[in-house]
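Below is one structure; the comments refer to it alone.
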Amino acid sequence: MAVKQRLSVYLDADMMARLENLAAKERAPKSSIAEAAIISFLTADDADRWEATLTRRLDKLTRSVDRVERDLEFSIEALALYIRAWLTATPPLPEGAQAAAQAKGRERYESFIEALGRRLAKGQRLAKEVSEEIQSDVSDENS
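One rule links them: number in the numbering used here = place in the sequence shown (from 1) + 1.
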């Protein structure tokens, strides 16, 4: 058994009353309760480990949200650029050709949705392809 050393502490009246009430309730010496409190204060407890784990997880989620934000910004810019080019290059249709153009548009849209579904099912992502192409172009320029 380890030899214990004496420590004198000063507590305000309210804290001393709380310590005495707990000691009476638990039927334990005040010094044992004080020692347990000091040990808890000086050692990393479950709350500290939980906080560290939560902090790491939040950092990971923050990085993930940042990537999603970057990808979304890229997508919006690409869509805006496409819409501008399409609106600039597409001439207006005469009245008689609008019904046929709408039918052809629905047919093309259905084909687009099918192609998109196949692409997503395979896990292909345009952002990844563009990133790979850019890296390839940079590698070719450095060679």
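Ideal placement from N, C-alpha and C gives every residue a C-beta, glycine not left out.
Quantities reported herein were computed from a predicted structural model and do not represent experimental measurements.
Measure from the alpha carbon of residue i to the alpha carbon of each residue in the options, then state which is nearest.
i, options, result
"residue 38", "49, 50, 20", "20"
"residue 127", "99, 73, 105", "73"
The alpha helix (DSSP H) with residue i in it runs from where to where?
i, result
"residue 32", "31-43"
"residue 8", "Careful: residue 8 lies outside any alpha helix (DSSP H) and carries neither H nor E."
"residue 55", "47-90"
"residue 117", "99-123"
"residue 23", "14-27"
"residue 127", "127-143"
What distance in whole Å lies between the Cβ atoms of residue j and residue i, which are believed to be in contact at a cut-off of 8 Å?
i, j, result
"residue 34", "residue 24", "6 Å"
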